[in-house]
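A short write-up of the structure that comes next.
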Amino acid sequence: MNTHVPPNPPEEPTTATKVMAILFSVVFATLAAFIAFSLTRHLGAEPLIALGSAGVTLIATLNVVQNIMEKFGQL
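Taking this note's numbering, the leading residue of the sequence shown gets 809, the next gets one more, and so forth.
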């Protein structure tokens with residue numbers, strides 16, 4: 809009979825978990841900004857308008873992903 813009880817997960821996320829969550833947020837937001845830039849350029853927008861669209865997408869996506877990570881307890 810197996811009486812081994814697995815340990816409880818830590819209450820607070822570790823520093824490595826927080827760093828990985830932040831890196832995931834930045835990579836995901838950068839990818840979304842690149843897609844927004846490419847899409848707006850493909851649809852005929854001027855370069856500066858496409859850059860502005862990419863910047864807004866970067867900031868918005870970064871905030872959304874970090875809020876989701878906070879809800880999951882990773883940050």
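Note that beta-carbon positions come from the ideal geometry of N, C-alpha and C, so glycine has one too. All values reported here derive from a predicted model rather than from experimental measurement.
DSSP state of residue i mapped onto helix, strand, coil
i       : result
Leu-859 : helix
Thr-823 : helix
Thr-865 : helix
Glu-878 : helix
Leu-883 : coil
Val-813 : coil
Leu-831 : helix
Leu-851 : coil
Residue j beta carbon less than 8 Å from that of residue i
i       : j       : result
Thr-869 : Phe-845 : no
Ala-841 : Leu-883 : no
Gly-881 : Pro-821 : yes
Alpha carbon of residue i to alpha carbon of residue j, nearest angstrom
i       : j       : result
Thr-775 : Ala-824 : Residue 775 is absent from the model: the chain starts at 809 and stops at 883.
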